[in-house]
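Numbering (the working numbering), first residue to last: 133 to 513.
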Amino acid sequence: GPASETQESNRMASSSPASGATVAEFGKLPSGELVHKIHLDNGAMTADVLTYGANLVSVKVPSSASPEPREVTLNGTDLASVLELGSSTYMGAVAGRFANRIAGGTFSLDGETHVLARNNGTNHLHGGKVGFDKRVWDIVGEPTSGSVSLRLVSADGDEGYPGELTAVVTYSLSRTNELGIAFQASVAGRPTVLNLCNHAYWNLSGADDGGDGVADHTLWLGCRHFVETDEDLVPTGRVVPAEGAMDFSAAGGVALGPRLDEVSGGSEPGYDHCFCRGGVPDEESAAATGATMGVGQEATVAILAHPGTGRTMTVRTTQPGVQLYTANFLPKERGVRVRQHGALCLETQHLPDSPNHPGFPPVVLRPGERFSHETTHTFAW
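This is the structure we're talking about:
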């Protein structure tokens with residue numbers, strides 16, 4: 133039966149030097165739908181991905197002091213806790229069809245107005261009430277040495293979005309400790325807008341109790357501008373210089389602890405800001421930013437480090453923006469991993485509310501076109 137086949141494939145995987153991907157059942161959704169977990173292992177570090185939400189549910193990395201891999205993301209340990217934690221935090225999941233906010237839950241495309249769910253105050257967030265983070269994705273083919281591809285078909289009209297979208301995300305773990313997240317998508321019938329990102333929460337301390345959260349991390353960003361937002365975190369349309377508490381360009385990075393109380397992401401202290409790659413020729417307008425943000429060209433956008441353990445994570449991406457979110461809305465508890473400022477997200481993506489800002493890099497996908505973006509997290513210790 134399936135169990136013995138799984139054991140057989142596990143045995144083969146462990147004895148085959150080229151492999152490093154195993155699939156196992158993870159649990160059943162309330163609907164009865166099965167969720168599987170794909171385990172990637174390169175011999176030094178591991179990554180686990182669920183078919184539910186294409187969720188990066190675990191990443192374990194050694195430290196400078198110990199070869200024993202420790203958990204560096206926040207997430208649940210079983211399906212029930214993944215569902216509970218993820219319902220509003222999007223922990224580890226792929227956000228879509230459009231990640232981040234769309235103002236007023238509405239946008240216009242080719243003269244037609246589309247109305248989406250207002251699931252974040254008066255705005256639309258991360259694809260709606262049942263976004264890509266809450267769907268079961270299909271495994272494409274057989275997971276091979278250190279990589280797995282997952283596919284989701286989103287119907288025309290799904291959550292109010294036009295066009296039938298087919299999205300594929302490929303997670304890969306290389307022998308050189310590069311965790312890759314590659315997106316490809318195409319649309320049929322009608323054009324759509326698209327913004328896909330992974331919403332993992334990182335804490336490189338590896339501590340069971342979360343240690344000092346992100347306060348004892350350092351962060352470098354290769355971004356000299358950020359998207360200005362109003363009090364509801366909706367873009368004003370301006371892209372402004374990253375100065376003062378928004379400047380992470382210092383060589384060697386910036387200590388996050390002292391910064392967390394200097395800024396607010398909405399009503400809570402901390403960051404919830406989209407930083408942009410490249411130069412912006414006219415500070416007052418984002419009208420010429422598409423070409424200058426190097427969309428499609430891979431560049432290093434972030435280096436997160438935890439000096440206490442020697443762990444670092446270098447993020448390269450083809451995307452134009454990276455949303456820095458310091459988990460401002462997690463519970464204000466102490467001594468637990470899941471807490472305010474207990475982790476941070478570096479969500480590589482297109483700029484928020486892009487469908488309503490013609491000057492932002494374009495997010496329209498038309499039939500016959502291919503959407504393709506890749507983000508690589510390189511770990512060292």
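We treat Cβ as the ideally placed atom computed from N, Cα and C, and that holds for glycine.
Can residue i and residue j be called in contact, C-beta distance under 8 angstroms?
i    : j    : result
H349 : L388 : yes
D404 : N460 : yes
F358 : V346 : no
G259 : F230 : yes
L476 : V454 : no
R202 : S195 : yes
L353 : F315 : no
E400 : T450 : no
M223 : F511 : no
On the CB-based measure, 16 or more other CB atoms within 10 Å of its CB, does residue i come out buried or exposed?
i    : result
Q429 : exposed
G228 : buried
D265 : buried
L166 : exposed
L161 : exposed
P452 : buried
K464 : exposed
D393 : exposed
T254 : exposed
P494 : exposed
P484 : buried
Which residues does DSSP list as the beta-bridge partners of residue i?
i    : result
G159 : V167
R283 : D270 and V300
D404 : Y457
M445 : L436 and F511
E479 : Q455
V325 : V496
R307 : For R307, which the question treats as bridged, DSSP gives no partner whatsoever.
D173 : T178
How big is the Cα-Cα spacing for residue i and residue j?
i    : j    : result
N232 : A156 : 31 angstroms
Q481 : S504 : 12 angstroms
L217 : G208 : 7 angstroms
V496 : V447 : 25 angstroms
A179 : L172 : 5 angstroms
R391 : G342 : 19 angstroms
N252 : D364 : 9 angstroms
R502 : S277 : 26 angstroms
A434 : G159 : 34 angstroms
R443 : E200 : 13 angstroms
K169 : M378 : 38 angstroms
V468 : A212 : 18 angstroms
In its own chain, which residues sit with a C-beta less than 7 angstroms from the C-beta of residue i, not counting the 5 before and 5 after it?
i    : result
F239 : H246, V325, P487 and N488
Among residues of its own chain, excluding the 5 on either side of residue i, which ones have a beta-carbon nearer than 8 angstroms to its beta-carbon?
i    : result
P323 : L241, D242, P294, G295, V496, L497, R498 and P499
D362 : T368
V386 : T350, L351, W352, D379 and F380
In its own chain, which residues sit with a C-beta less than 6 angstroms from the C-beta of residue i, not counting the 5 before and 5 after it?
i    : result
H509 : L311, M445 and V447
Y457 : D404 and C477
Between residue i and the ligand FAD, is there a pair consisting of the residue's CB and a ligand heavy atom that are separated by less than 7 angstroms?
i    : result
F230 : This structure lacks the ligand FAD; in fact it carries no ligand of any kind.
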